[in-house]
Every structure is written in C-alpha cells, then in structure tokens.
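Undergrad: Protein chains in written order, with our numbering: chain W, -2 to 213; chain U, 68 to 286. All residues carry an ideal CB built from backbone N, CA and C; glycine is no exception. Predicted model, so just to flag it, every value in this text is computed and none were measured.
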Amino acid sequence: MGDVKVIGASLSLFCCRIEWALKHKGIAYEYIEEDLRNKSHLLLRYNPVHKKVPVLVHGEKPVAESLVILEYIDETWRENPLLPEDPFEKAMVRFWAKYVDETCVISAWTASRTKGREQEKSLEAARESLEVLNKLIKGKKFFGGEIIGFLDLVVGTLPNWLKFLEESEGIKLFDTKELPFLHEWAQRFTEIPIIKGSIPTAEDLINYNRDHKKAE
Amino acid sequence: MANEVVLLDFWPSPFGMRLRIALAEKGIEYEYKDEDLRNKSPLLLQMNPVHKKIPVLIHNGKPVCESLVALQYIDEVWNDKAPLLPSDSYLRAQARFWADFVDKKIYDIGRKLWTTKGEEHDAASKEFLDCIGVLEGELEDKPFFGGETLGFVDVALIPFYSWFLVYEKFGNFSVEAEHPKFIAWVKRCMEKESVSKSLPEQEKVYDFVALMRKKFGIE
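#1: Tell me whether the segment 170 to 179 of chain U and the segment 120 to 128 of chain W touch, counting them as touching only if at least three CB pairs, one residue from each stretch, are closer than 8 Å.
#2: Output the boundary residues of the alpha helix (DSSP H) element that contains K327/U.
#3: Quick one: does E62/W have its CB under 8 Å from some CB of chain U?
#4: Determine the DSSP secondary structure at G214/W, reduced to helix, strand or coil.
#5: Any residues in the segment 153 to 164 of chain U with a beta carbon nearer than 7 Å to a beta carbon of chain W? Which ones, in chain order?
#6: At a CB-CB cut-off below 7 Å, which residues of chain U make contact with F92/W?
#7: Return no unless some Cβ of chain W is closer than 8 Å to the Cβ of Y174/U.
#8: Against chain U, with Cβ distances strictly below 8 Å, would A88/W count as a contact?
#9: To the nearest angstrom, how far is it from the Cα of Y97/U to the Cα of E71/U?
#10: Tell me whether Q184/W is buried or exposed, calling it buried when 16 or more other Cβ atoms sit within 10 Å of its Cβ.
#11: Can you list, in chain order, the residues of its chain with a C-beta nearer than 7 Å to that of S192/U? Leave out the 5 residues immediately preceding and following it.
#12: Within the same chain, show all residues whose beta-carbon is closer than 6 Å to that of F178/W, passing over the 5 residues directly before and after it, in chain order.
#13: Using the Cα positions of K259/U and L135/U, report the straight-line distance between them to the nearest angstrom.
#14: Mind checking if F85/W is an interface residue toward chain U, Cβ cutoff 8 Å exclusive?
#15: Do you know whose CA, among L74/U, Y234/U, P81/U and K148/U, lies nearest L266/U's CA?
#16: Taking C-beta to C-beta, are F147/W and A199/W nearer than 8 Å?
#17: So, A25/W versus L79/W, is the Cβ gap smaller than 8 Å?
#18: Grouping DSSP H, G and I as helix and E and B as strand, with all else coil, what is G303/U?
#19: Would you call K254/U buried or exposed, if buried means 16 or more other Cβ atoms sit within 10 Å of its Cβ?
#20: Strictly below 7 Å CB to CB, what residues from chain U border T154/W?
#21: So, is the C-beta of V3/W closer than 8 Å to a C-beta in chain U?
#22: So D76/U contacts chain W; which residues on that side make the cut at Cβ distance below 8 Å?
#23: Return the residues of the segment 137 to 148 of chain U that lie within a Cβ-Cβ distance of less than 8 Å from chain W, sorted by chain order.
#24: Would you call the segment 219 to 235 of chain U in contact with the segment 56 to 69 of chain W, where contact means no fewer than 3 C-beta pairs closer than 8 Å?
#25: So with Cβ pairs under 8 Å, would you call D197/U a contact of chain W?
#26: Tell me the DSSP bridge mates of L75/U?
#27: Helix or strand or just coil, what does DSSP make of Y43/W?
#28: Nearest-angstrom Cα distance between L196/U and E268/U?
#29: For E119/U and W165/U, what's the separation of their Cα atoms in angstroms?
#30: Using a cut-off of 9 Å between C-beta atoms, extract the partners of V102/W located in chain U.
#31: If you run the structure through DSSP and keep just helix, strand and coil, what is L53/W?
#32: Rank E115/W, A94/W, W106/W and K2/W by C-alpha distance to the C-alpha of E166/W and give the top, closest one.
#33: Quick check on this structure: which residue in Y157/U, D76/U and V131/U has the alpha carbon closest to the alpha carbon of G(-1)/W?
#34: Kindly indicate the opening and closing residues of the beta strand (DSSP E) around C132/U.
#35: To the nearest whole angstrom, what separates the beta carbons of C132/U and N106/U, a pair I think is in contact under 8 Å?
#36: Pick from L86/U, L151/U and P130/U: whose alpha carbon is nearest that of K87/W?
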C-alpha cells in the first residue's frame, strides 16, 4: 500500500490528531517536522492549496485538512474504528467535529487576537461553545463512549490550549468549575497511553511561545 | 418504517440547494419547508438548537445539520442510486478536501463582493476569481469533479452559480471571460434536471440581494 508520512509542526493542535489516529490503529509512520516560518518544498508540493500542516502522505499521495485526514485514516485502516457505523451517529460526530473547529477554536482564537467589543463578543461565543461541549460529554467516559473515538481526538488538545491562552493572553476560557465534565474528560484523555506524553501541555505551549518571542 | 424526509431550507441558500440536488439525484421524496429567517419556526429552533440555521434534513424525525454533513448522510443512507462520493478512500479524501475548500472560500469571499467597498472589495474580487481558477485547475479535462457523473464536489459547488449574477455585477467581472472551462462545467451541470430544478433564477437572487443591501444600508 505504501509507507506513511506525517508532515506536522510540534505543538500544533491539529497535527496531534493525525498521529494519535495512526497510533490508535497501530500504523507505523515517519514524522517530518515542518518549520512554519520557513516552509519546505515538501510542504508546498504536498499542500499547494493551503500550504498548511498537517499533511498525511500515503505512498506519495497527499491528504490535507485534519478532519479529512482523520476520515481517510479511518476508511483506509479499518481496525479500531474511530467513527460509528450507523449513518446518523456518524453524522452527529461529523457535526460536532465541525463545531469544535469552526466554533470553539475560531471564537477562542479570535478572542485571543482582538480587543474591546470584538474580543467581548468572541469570548462570549467561546464560553457558550465550551458549555455546549461540557454538556455533550456529561455522563460519558469519552466522546466515543467506553473508548476514544473521532471526536475525542478532535477535542484533544483544546483544554491545554485554552489554559495556554489564559497564561499568554490573560483570557480565561477553561474554568474547571464551570466546565467540570470537560475537565474530567481531559484528565481521563491524557492518561491514555498513546496520548500521554505526546499531548502538548499548557506548559509546553507557554515555553514554546516564550522561546519564539525571544527569537523575534 | 416509513421513510419520512423533511428539508428545512431558505430558497436562495446555496447550502440548501446542495441538499435539494442530492435528494433529486437519488429520487427521494421529501417535504420542502421554506423558512422565514427573520422569524424562525419552532421546528427549526428545535431541530437545530446549536446554530439555528438552515438547511436541516429531518429523516424520520431525526435532524442532520450542516449541509456537507447532511450530504454525506444522504449518500450513505440512500446508497443504491447516484453515489456522490467514490468508493476509493483516496478519491473520497480528495472530494472532501475540495468540498471543504468551497465551504471555506466561495461563500465568504462572494459575500464580501456585495457587502464591502474599496480595498477589501477589490481584494475579494481578485480572490474570488483566483478560487474559481484553482477549482477549474482541479477539474482538468473531466466532465464533472466526480468524473463521468455529478459527484460530491459538483453538488457542493454548483449552487453558487445561482449567485453569479450577484457576484459578477458587484464584483465587476465576468467568470466566463476569465474561466471559460469553469462555465462549460456549469452548463453541463445545469443540463441535469436535478440541478436546474433546484436552483432559483439568478435574477431572483439578485433582487433578493438588492433588498438585503437596502436593509443593511449598503450602497
């Protein structure tokens, strides 16, 4: 079938998902670290449209966009499925995955990049969206049920990233008292062997950010 | 069990049109409900409490929201006719990638053409044509993005053609002049009844946008 490469950037929220999916299915791969400030010919060749990471390359064939890659991995290697079989359940997972990326992440990102009224609006949207996620995980061990699934990998680094934003930008979004179920899920998630040690912690992100600020 | 399908939609929505086309392609009977977005129905608020948006596909009482999610749902449930996604996993990934590209680019950039002015507007005009060019490049010499027949990307993209009068008038360009191959693809799609019956007239969409601009106070 061909060898598997992952082009990623360490600490990227979206790249972890891909490595976890491959590890979850026991697929061997080569990891290639990309310097996003100095994009390689490899990246530009494999993702000419967006020039972003992650990119999965399977036997010279590139797949870009993390959610598209996750579905490709799940369809190509059928062991330890990430998505449910039932079309309606699958649709629900896809809906929530989009919600995480397009609502939670974007509003938090916007809040960290703006000031004043625009920041207030984004903070409100972000908090609301996190409450929705908190409600979604209530009463469940993982978003995927008894074991992790697609949505767990997608939510993945979000809590740590939000804690990092609090430290670096002073915006508080992840309050463990206000999001208790999400907080408990994060603790269970990070204990999983393939996740533990490979998930960027808030501290990792803080250190990285500080080192890069120094370099500029 | 009865197969009851309801589509909550809004006639000028390109996202709603996607589902109309898919349902027609697969010969699925459904009830169409046009929403007044300034006065959303209790059904819409109940079926899409998270976003309160259309389209919503309701199948036997269960709602599926987000047009590309619903498209895949339709393709998976009614898999006996007119498949939208190919069976090869790599080709499926490519189809999803390009549908995502359409989602990320066409609507938002197109919107800027009739809501902004000056530098932002001119940049949007250029970017819109660039995106059409990229899509044209991806099409290559195939009759459709899906190959010989309408596929996922075709269904995701063709609805925006109903907005081309709006884009061209406000963007001040002609897509056919810049990208004739793209328009050739449009014409092939429009020959299909499932497409032509699902898209409103461009003039009707234009009048709708003119009304919106007045309402928002855009000149």
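TA: Result, derived from the coordinates:
#1: In short, these stretches do not touch, since the Cβ pair count stays below three.
#2: Nothing about residue 327/U can be reported from this structure: the residues present for chain U run from 68 to 286 only.
#3: For E62/W, the answer is yes, since a Cβ of chain U falls inside 8 Å of its Cβ.
#4: This structure cannot speak to residue 214/W, because chain W is shown only from -2 to 213.
#5: S156, Y157, R159, A160, R163 and F164
#6: C132, E133 and V136
#7: no
#8: yes
#9: 7 Å
#10: exposed
#11: L180, G238, N239 and F240
#12: N131, I134 and K135
#13: 21 Å
#14: yes
#15: P81/U
#16: No, they are not a contact pair.
#17: no
#18: Given that chain U is displayed from residue 68 to residue 286, the structure contains no residue 303/U and the question cannot be resolved.
#19: exposed
#20: Simply none; closest approach about 21 Å.
#21: no
#22: Within 8 Å Cβ-Cβ: nothing; D76/U doesn't reach chain W, min ~18 Å.
#23: A137, Q139, Y140, E143 and V144
#24: no
#25: no
#26: K100/U and V123/U
#27: helix
#28: Rounded to the nearest angstrom, the two C-alpha atoms are 22 Å apart.
#29: What sits at residue 119/U in the sequence shown is Lys, not Glu. Taking the straight line from one Cα to the other gives about 26 Å.
#30: Neighbours of V102/W on chain U: none; closest Cβ ~14 Å, over 9 Å.
#31: Looking at L53/W - three-state DSSP - the assignment turns out to be strand.
#32: Nearest neighbour of E166/W by Cα position, chosen from E115/W, A94/W, W106/W and K2/W, turns out to be W106/W.
#33: Y157/U
#34: K129 to C132
#35: That belief does not hold up - the Cβ atoms of C132/U and N106/U are roughly 19 Å apart, past 8 Å.
#36: Distances from the CA of K87/W to each of L86/U, L151/U and P130/U were compared; the closest alpha carbon is that of P130/U.
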